[in-house]
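Asker: The opening position of the sequence shown corresponds to residue -8 in our numbering, with each subsequent residue numbered one higher. The structure under discussion is supplied below as structure tokens; questions concerning it will follow.
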Amino acid sequence: MSELRRSRRSFLQWVDQGEKQVAILLTVITAVVIVAALIQLTVKVTMALITTDQDAYWLGDGLIRILGDLLTVLIALEVLQNITSYLRRHVVQIELVLVTALTAVARKVIVLPAGSENKPQLLIGLGISSIALAGAYWLVKRSIQPAHGSSRHHHSSTEPTRSYLDKDQSSRPDADDQPATTADHQH
């Protein structure tokens, strides 16, 4: 029985390490993408300032394109924050994920081309997405804040969660003798 538990634990540690390596690779790739997008955006804005009719570009569709590009870089930064948060705490911060999704929907609304009002399915879909994400964000924020006068401790979305490996340690005979700390639950 203990051999099975040991092999299961070894396998789960291997999976955990694999997750960390993938997250590190995603962090590097996302950082490279952000730098490339930022360089491209800087060149685009600089060229627009130098070569185009200022009033025509900055008040029309050009402004919408620039805002769309800026929000795209912002979304990429939020994705990078999601990944680095996972690496630091080994927990997915649902608030940050929801804010990233809300930013993406807001970007889509901002860059809607003229004539989009003739596409009711698109508008309804964006509206439903906005309401659902805003509602989910509100529920998450509400669940984190302690109720008025309540002494119950609510877990923050930034607190690490216990992994399966941590739960398995509680079956050790000496596990009850040692107090659990936050550092014990982080990977």
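All C-beta atoms, glycine included, are put in the ideal place defined by N, C-alpha and C.
Exposed or buried, Val26, counting other C-beta atoms within 10 Å across all chains shown (16 or more means buried)?
Answerer: With fewer than 16 other Cβ atoms within 10 Å, it is exposed.
Asker: Start and end of the alpha helix (DSSP H) containing Lys11?
Answerer: Here the alpha helix (DSSP H) through Lys11 covers Ser(-7) to Thr42.
Asker: Do you know offhand how far Val19's Cα is from Ala95's?
Answerer: Cα to Cα, the separation comes out at about 22 Å.
Asker: Is Pro111 helix, strand or coil by DSSP?
Answerer: Of the three classes helix, strand and coil, the one that applies to Pro111 here is helix, per DSSP.
Asker: May I have the straight-line CA-CA distance separating Gly118 from Leu62, to the nearest angstrom?
Answerer: So the alpha carbons of these two residues sit roughly 19 Å apart.
Asker: Counting pairs of beta carbons, one from the segment 52 to 68 and one from the segment 115 to 131, are three or more of them closer than 8 Å?
Answerer: The segment 52 to 68 is not in contact with the segment 115 to 131.
Asker: Hey, would you say Ile57 sits closer than 9 Å to Leu32, going by beta carbons?
Answerer: Contact flag set, yes.
Asker: Reducing DSSP to helix, strand and coil, say where Gln72 ends up.
Answerer: In the structure shown, Gln72 sits in a helix (DSSP, three-state: H, G or I).
Asker: Taking Cβ to Cβ, would you say Gly59 is nearer than 9 Å to Arg(-1)?
Answerer: Their beta carbons are not under 9 Å apart, which means Gly59 does not touch Arg(-1) by this criterion.
Asker: I'd like the list of long-range same chain contacts for Leu71, defined as Cβ closer than 8 Å, with 5 residues on each side in sequence excluded.
Answerer: Thr18, Thr21, Ala22 and Ile25.
Asker: Taking only three categories from DSSP, how would you classify Leu87?
Answerer: If DSSP states are grouped into helix, strand and coil, Leu87 belongs with the helices.
Asker: Which class does Val102 belong to by DSSP, given the choice of helix, strand or coil?
Answerer: It is coil, neither helix nor strand.
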